[in-house]
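Working notes, beginning with the structure itself.
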Amino acid sequence: MKKILNIDGVTVGIVFLALILVFMLTAPRVFLNFRIYMSFFATVPPPLIIALGITLVAVAGEMDLSFPSTVALSSYIFAYLFENFQLSWLAFVIAILAGATVGFVNGLVITMLGIPSLIATLALLFLWGGFVTIISGGIQLAIPTIYETPIHNFLVGRFEQFFPVQILWAILISIVIWLLLNRHKFGENLLFIGDNSEVAKMMGINVILEKIKLFTLSGILSSVGGVFLTLETTSYFSSQGMGYLLTVIAAVFIGGTSIFGGSGRVIGTVFAVFIVTVIEAGLVASGIQGFWTRFFIGLVFILAVSINTLLENPGKVPLVRFFRAKGFFQTL
Amino acid sequence: MNSIVELKNVSKSYGPVLSLKPINLKIGGNEIVGLIGDNGAGKSTLIKLITGLESPTLGEIFIKGKRIDLNQYSVKISQQLGIETVYQKLSLCEKQPLWRNFFAGRPITNAFGLINVKKQRKITAEIMKSTIGFRSEGINVDTQVSFLSGGERQGVAIGRAMYFESDLIILDEPTVALAISEVEKVLRFVNNIKNKGKSCIFIEHNIHHVHEISDRIIVLDRGELVLNCQKQSIEINDLIQLLKELHFRKKNKTNLHKGI
Ligand SMILES: Nc1ncnc2c1ncn2[C@@H]1O[C@H](COP(=O)(O)OP(=O)(O)O)[C@@H](O)[C@H]1O
Ligand SMILES: [Mg+2]
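Taken in sequence, the protein lines are chains A and B. Residues 131 to 462 in my numbering are what the first sequence lists, from first letter to last. Residues 13 to 272 in my numbering are what the second sequence lists, from first letter to last.
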């Protein structure tokens with residue numbers, strides 16, 4: 131039983147289905163209609179693509195809080211180049227190169243200055259956010275004319291007028307990231323680094339280089355998420371990515387990726403991003419006021435992380451140790 | 013005799029601390045070298061220099077007669093040159109399954125860097141059965157290291173060193189915290205290394221064990237090489253006496269330091 135629950139995505143998948151079932155009962159008009167699911171498929175891809183990068187970062191025992199600013203930077207570059215130079219695909223490429231550069235610099239700061247990534251990327255969140263505001267002059271951009279252009283149709287168009295194709299791209303990227311983590315040498319290096327970076331070093335893994343690559347990849351994925359967001363909303367504003375900060379990080383750990391590093395759940399992350407999105411829509415559709423959303427996400431967050439830690443190593447939970455000392459839960 | 017490793021005036025300081033004073037040392041082919049010394053004597057430091065984990069402050073390292081470019085030297089390169097190390101504890105990653113730990117840092121991959129999981133699992137299973145002789149129920153290639161006992165962990169690390177064809181296997185206190193029966197397994201393994209025509213540096217606290225299986229004995233004391241001789245030329249009692257004296261001298265010195 132414990133074995134099955136430990137498989138990537140199983141626990142969160144069950145929670146996700148349960149949540150859908152509950153909302154089908156509490157808000158049948160909305161949740162028994164396929165439209166709500168199409169709307170999820172349209173809104174989930176940007177945070178999902180970002181969360182995939184953060185999952186890898188967490189596997190290596192690191193954190194990247196800078197992504198909202200990376201999202202803003204790439205969104206701005208894309209929207210600016212489209213509006214002023216009618217660039218579309220090239221704008222996409224340049225926006226992603228900008229994300230890669232940001233990630234690369236983040237990686238250098240973390241590995242070369244030795245500042246823990248949680249703190250370093252918090253500082254970099256401000257730094258890059260300020261940088262975007264400076265280069266953009268703090269303006270917003272609306273690019274309605276991108277609607278129905280080839281790039282728009284290809285990346286975020288509606289198949290048969292209703293199915294958002296971006297969910298297919300997001301799933302494709304998820305598969306690639308799953309392979310990268312579970313079957314590729316790079317992912318394995320991240321697992322070893324997150325598990326015990328001293329051992330990883332002893333085994334000949336270039337920890338610094340791998341971390342720089344990792345943060346670069348995180349920057350790339352954040353910028354891809356940013357461009358998808360701008361394409362879907364046909365607009366740019368500087369705080370666009372900020373709304374994802376807490377939900378993306380919550381999703382990564384709700385998904386079952388270890389908060390201690392050394393193990394990661396890509397499928398778990400996919401379901402968890404859906405969970406976070408569904409909670410929001412479901413509560414509102416059930417007639418519960420919007421501000422309850424955060425409360426429930428917080429609740430799910432704590433429950434999920436506790437369950438995941440329990441599955442990973444019950445001995446790490448003080449409450450379990452306390453009860454064990456009293457003679458309970460011996461088999462856990 | 014052709015030496016596998018040769019150190020010329022190699023020293024290492026960590027900031028103001030001189031952990032290893034300039035040392036000259038040769039490790040020959042098919043030779044078991046026992047390395048003894050108190051805690052903090054610099055044994056692990058010496059090993060880290062040989063394996064490329066740390067670079068010396070001064071001096072030159074030759075491997076199989078070739079001078080090593082110390083700016084380029086790394087664990088990877090020392091592995092490629094046939095040096096394998098089993099560290100005191102830092103050899104395995106707790107949360108990873110055995111099939112990953114066996115190939116830590118050098119998985120079997122294709123041109124795209126994708127790991128051949130099937131092959132790694134098969135080889136791991138083979139080594140577990142043959143080389144290490146794992147019979148324990150419930151341990152398989154998917155078992156996480158955190159579920160293994162100390163002896164089993166050492167077995168995995170040693171089995172791994174055996175698998176990657178190496179000329180010199182370094183064991184840094186492999187028997188620490190092992191039950192007696194498990195210690196014997198490790199000693200048998202060291203003999204195995206000798207029988208297979210390879211060399212070994214064996215760091216061990218138990219002088220009887222070292223004397224029993226080594227061809228040559230080296231003693232480090234506070235970063236200084238104080239003994240380097242063939243086993244035949246020193247009686248075990250003399251060796252014990254020497255170590256006692258070194259220990260005593262150390263105590264006296266620290267006492268002097270404190271003004272006692
Ligand atoms: N990374 C390091 N930084 C500072 N001092 C170190 C470091 N590694 C070892 N030392 C010092 O070098 C000396 C030798 O340590 P070590 O080689 O680990 O000894 P041994 O393995 O013989 O017990 C000790 O005094 C230790 O404190
Ligand atoms: Mg040591």
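For glycine and all other residues, C-beta sits at the position ideal for the given N, C-alpha and C.
Between the CA atoms of residue j and residue i - distance to the nearest angstrom
i       : j       : result
E328(A) : S67(B)  : 16 Å
F292(A) : G356(A) : 22 Å
T275(A) : N283(A) : 12 Å
K78(B)  : L58(B)  : 19 Å
W258(A) : R165(A) : 37 Å
K107(B) : F345(A) : 23 Å
G233(A) : L320(A) : 16 Å
N51(B)  : H217(B) : 9 Å
F452(A) : S436(A) : 15 Å
T200(A) : V396(A) : 22 Å
L110(B) : M174(B) : 15 Å
V202(B) : C212(B) : 7 Å
E318(A) : V189(A) : 10 Å
A202(A) : N113(B) : 40 Å
I303(A) : G457(A) : 47 Å
Which of helix, strand or coil DSSP assigns to residue i
i       : result
S25(B)  : strand
F458(A) : coil
H314(A) : strand
N36(B)  : strand
M372(A) : helix
Y175(B) : helix
A221(A) : helix
I59(B)  : helix
N443(A) : coil
L178(A) : helix
K107(B) : coil
E164(B) : helix
N236(A) : helix
G52(B)  : coil
R395(A) : coil
R228(B) : strand
V238(B) : strand
K20(B)  : strand
L162(A) : coil
L149(A) : helix
Q10(B)  : Absent from the structure is residue 10(B), since the part of chain B shown begins at 13 and ends at 272.
G139(A) : coil
Own chain, CB closer than 8 Å to residue i, minus 5 neighbours either side, in chain order
i       : result
E224(B) : L199
D30(B)  : According to the sequence displayed, residue 30(B) carries Leu and not Asp. These residues qualify, in order along the chain: S23, K24, G235.
I230(B) : L37, V45, G46, L47, I48, L237, L239, N240
G27(B)  : none
L211(A) : L217, L220, A221, I224, A225
Beta-carbon proximity check, residue i vs residue j, cutoff 7 Å
i       : j       : result
G324(A) : G191(A) : yes
K20(B)  : T69(B)  : no
L47(B)  : I215(B) : yes
I307(A) : I226(A) : no
I120(B) : K130(B) : no
I281(A) : S352(A) : no
G471(A) : S348(A) : The shown model of chain A, from 131 to 462, leaves out residue 471(A), and the question about it has no answer.
T364(A) : V382(A) : no
M333(A) : A116(B) : yes
G412(A) : F171(A) : no
A230(A) : Y366(A) : no
Beta-carbon contacts of residue i that lie in its chain and below 7 Å, excluding the five residues immediately before and after
i       : result
T173(A) : T407
G428(A) : none
V239(A) : I245, A250, L254
V337(A) : I323, S327, A330, K331
E43(B)  : S211, D227, R228
Neighbourhood of residue i by C-beta, 6 Å cutoff - its chain only, sequence neighbours within 5 removed
i       : result
E18(B)  : K38, F74
G271(B) : Reliability fails at G271(B), whose pLDDT of 45 lies under 50, so the model's placement of it is uncertain and the value that follows must be treated cautiously. So the list is empty, once near-sequence residues are dropped.
Q242(B) : R228
A415(A) : A157, V160
I248(B) : H223
I80(B)  : I73
Open item on the list: Beta-carbon distances below 6 Å to any heavy atom of ligand 1 define the shell here; list its residues in chain order, please.
Closed with: Y26(B), V29(B), S31(B), G49(B), N51(B), G52(B), A53(B), G54(B), K55(B), S56(B), T57(B)
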